[in-house]
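Visitor: Got a structure here, written out as C-alpha cells. Questions coming.
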Amino acid sequence: MKSPCINVCVMAPASGLCTGCGRTLDEIARWGGMNDGERTAIMAALPARLKTLAQKALAQKTLAPKKDGALR
Numbered sequence: 003m004k005s006p007c008i009n010v011c012v013m014a015p016a017s018g019l020c021t022g023c024g025r026t027l028d029e030i031a032r033w034g035g036m037n038d039g040e041r042t043a044i045m046a047a048l049p050a051r052l053k054t055l056a057q058k059a060l061a062q063k064t065l066a067p068k069k070d071g072a073l074r
C-alpha cells in the first residue's frame, strides 16, 4: 500500500500529527514495516484527522489577534 505522504512534513505540536498526511511520527517511522491491515486502519482514520487539523487551523486563524491587537 502506498504511503499517504504528500511531502508536507510539518508536525502540529498540539496533536502530534503531520499536517500533510495526518499520521503520527510513530506511524510515519513504522509505515514500511506495517502489514496491510495496520496500514488500512491508519488510512481509514486519516480523513477525520486531517479534517480536525484543518478545523483547528481555521479556528486559530480566525481567533488570532490583528496587528492592532483586536480579535478578528
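Heads up: the sequence shown runs through residues 3 to 74, numbered per my numbering. Even glycine gets a Cβ: it sits at the ideal position worked out from N, Cα and C.
1. What is the rounded straight-line gap between the Cα of residue 26 and the Cα of residue 60?
2. Where in the segment 9-33 do unbroken runs of the alpha helix (DSSP H), each at least 4 residues long, occur, reported from the N-terminal end onward?
3. Should residue 8 be flagged as near chain B, meaning a C-beta pair shorter than 8 angstroms?
4. Suppose contacts are defined by Cβ-Cβ distances below 8 angstroms. Is residue 10 in contact with residue 24 by that definition?
5. Using a 10 Å radius around the Cβ and a threshold of 16 neighbouring Cβ atoms, would you call residue 7 buried or exposed?
Guide: In this structure, then:
1. 21 angstroms
2. Qualifying alpha helix (DSSP H) stretches, in chain order: 27-32.
3. Looking at the structure shown, chain B is missing, and only one protein chain is on hand.
4. no
5. Exposed, because fewer than 16 other Cβ atoms sit within 10 Å of the Cβ of residue 7.
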